[in-house]
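Here's the structure, in structure tokens; my notes come after.
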Amino acid sequence: MDIQKDNQMYMQIAHIAAKRSYAKRLQVGCVIVKNNSIISFGWNGMPTGYDNCCEYEVDGKLVTRPEVQHAELNAVAKLAYNGYSSHGASIYVTHSPCIHCALLIQKCGIVAVYYHEIYRDDLGIQFLKKAGIKVERL
23 MDIQKDNQMY
33 MQIAHIAAKR
43 SYAKRLQVGC
53 VIVKNNSIIS
63 FGWNGMPTGY
73 DNCCEYEVDG
83 KLVTRPEVQH
93 AELNAVAKLA
103 YNGYSSHGAS
113 IYVTHSPCIH
123 CALLIQKCGI
133 VAVYYHEIYR
143 DDLGIQFLKK
153 AGIKVERL
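Under my numbering, residue 160 is the last one in the sequence shown; the count climbs by one each step, no gaps.
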């Protein structure tokens, strides 16, 4: 097993998941992996039952709607809804987690976070490292 190749493959799948997002400003995807198997994936988007419009315009700029659910939340919620655990898993995210998703990741027992691009701030990364969770940029 080639860990680097596996990491690259999981990140590519996270990028494919991101393409499912209807967001115009930023499409984010993630994959949760446990025991070398993908157990969940997600992308940012509106909650079930809402229009798939993730932004609104203010003074010519797109602003993300507050109801948009982040990719990490969607992937973890899908696991919980189906009765599975993310304890001991790794998560691959196209963008580093925000602080709220970092809190969720830590609480769910995820042990490693791999990301491709840095989100607008690094508060999530700082929290994860302080919590003893492996964090690596791919």
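Glycine is no exception: its CB is placed at the ideal position from the N, C-alpha and C atoms.
These numbers were taken from a predicted model, which means no experiment stands behind them.
- Taking 7 Å as the cut-off, the beta carbon of Ser43 is found closer than this to the beta carbon of Gln49.
- From the listed residues Glu94, Ala97, Gly82, Tyr78, the smallest Cα separation to Pro88 is found for Tyr78.
- Checking the DSSP bridge columns, you'll see Val55 partnered with Ile60, Ser112.
- Secondary structure at Lys41: coil, using DSSP grouped into helix, strand and coil.
- Contact between Val115 and Val133 fails: their C-beta atoms lie close to 14 Å from each other, not under 8 Å.
- Contact between Cys123 and Leu101 fails: their C-beta atoms lie close to 14 Å from each other, not under 8 Å.
- Cβ contact annotation for Asn29 (same chain, cutoff 7 Å, sequence separation greater than five): Tyr136, Leu160, in chain order.
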